[in-house]
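In terms of this note's numbering, the sequence shown has 26 at position 26, counting the first letter as 1, and numbering is strictly consecutive. For glycine and all other residues, C-beta sits at the position ideal for the given N, C-alpha and C. These figures come from a predicted structure and were not determined experimentally. Here's the structure we're looking at; comments come further down.
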Amino acid sequence: MNLAALASILVNIILPVVLVAAAGFVLARTLHVEARPLSRMMLYFFSPALVFSSAYRTQLSGEYVSIAVFAVVITALMGLVTLALVNIMRFDRLTASGFALGVLFVNAGNYGLPLILFAYGQEGLARAALYFTMSAILTQTLAIFIAARGRASVRDALLNVVKMPLVYAVSLGLGFNLAGFTVPEPIMKSVDLASGAAVPVMLVILGIELARARIENDRAVVMLATFAKLVLTALVAFPLAAVMQLQGVARAVSIIEASMPTAVMASIVAVEFDARPKLVTSIVFASTVFSVITLTVLLGILQ
């Protein structure tokens, strides 16, 4: 890996993703475009369409099962790392909740899917969509943890998980896939149209959210969470992929998706549960900015 290779990765893979997100950033700053309407459309329509399409068409080989298991295990391992850091730093309950959101919520969708598409094409995207599905389910389930540690009730958090369309989209997609059920062509074409819009809209939302983010206080906490999200996660992901015997594109996709910055969804959950939302938004901003460097290096190592 040399500087020329890193420059090529930065220009040909990272830059296209950044430019679309930058469009969202500019729209938010100049036209005061709000993220909430787009986020709701993404949450309830575009993302479920993308996940359903992927789950429905995916060939369920052992490799895909390994990717799904990897997503669960890496989240559990980073949960242990997060717990250790929280205890070492002696964070109060709400700060611990915000810190956990910053480290555990991975942007496998808005940022991860477009990046994987540019880096590994459709072959990588199919595997990344599965990882995204698993991470999305885990993300919503982690709301239970936030509720228990923060100010909301566990019952409300459980209801929030049940209401998530992604859970039903992946269940239907996998169910139809395993049962060999053929979705009528007109319906599938509609699903494909919606899923095709998901990736660019994800990046625009990311840009809009970043336009409103600021690192206002607790910079040490923000930097620690950013380091844990981008660096420590990658250091855990490499040996885990080796233990699970992941190879080729599956290995690269799993490691990259795990090492993506903090998801914008973390900010939404933080606001909902009042779990230090300004802190979480700062972590989202910092981790996304620094990920341009870490992901360039990571892609250089994996390619």
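Close Cβ partners of F285 (< 8 Å) along its chain, the five nearest in sequence each way excluded: L210, A213, R214 and I215
Buried or exposed (CB count within 10 angstroms, at least 16 for buried), T182: exposed
Classification of R36 by the beta-carbon crowding that lies within 10 angstroms, buried from 16 upward: exposed
DSSP beta-bridge partners of V106: T262
contact_flag[the stretch 41 to 48, the stretch 227 to 239] where n(CB pairs < 8 Å) is 3 or more: no
Buried or exposed by the 16-neighbour rule on C-beta atoms within 10 Å, applied to D218: buried
Spatial distance of A266 from A225 (CA atoms): 13 Å
Beta-carbon proximity list for G124, same chain, < 8 Å, skipping 5 on both sides: I116, L117, V249, A252 and V253
Close beta carbons around R29, own chain, < 7 Å, minus the five adjacent residues each side: A211
Beta carbon of V106 nearer than 8 Å to that of A258: yes
Pair within 8 Å by beta-carbon distance, L203 and A21: yes
Expected contact under 8 Å - CB spacing of P261 and S287 to nearest Å: 4 Å
Buried or exposed (CB count within 10 angstroms, at least 16 for buried), N12: exposed
Expected contact under 8 Å - CB spacing of D192 and S53 to nearest Å: 6 Å
Beta-carbon spacing of S8, A275 below 8 Å: no
DSSP state of R251 mapped onto helix, strand, coil: helix
Three-way DSSP call (helix, strand, coil) for V69 in this model: helix
The stretch 70 to 79 touching the stretch 192 to 201, judged by at least three CB pairs closer than 8 Å: no
Selected residue, minimal CA-CA separation from P48, among L19, R90, D92 and S190: S190
Separation of Y56 from F91, as counted between CA atoms: 43 Å
Inter-residue Cα distance where the pair is T139 and L130: 14 Å
Neighbour-count burial assignment, V243, 16 or more Cβ in a 10 Å radius: exposed
Where the alpha helix (DSSP H) through S61 begins and ends: Where S61 is concerned, there is no enclosing alpha helix (DSSP H), given that its DSSP letter is neither H nor E.
Close-in-space but distant-in-sequence residues of the same chain around F176 (CB under 6 Å, 5 per side omitted): Y56
A234 vs L298 beta-carbon contact at 8 Å: yes
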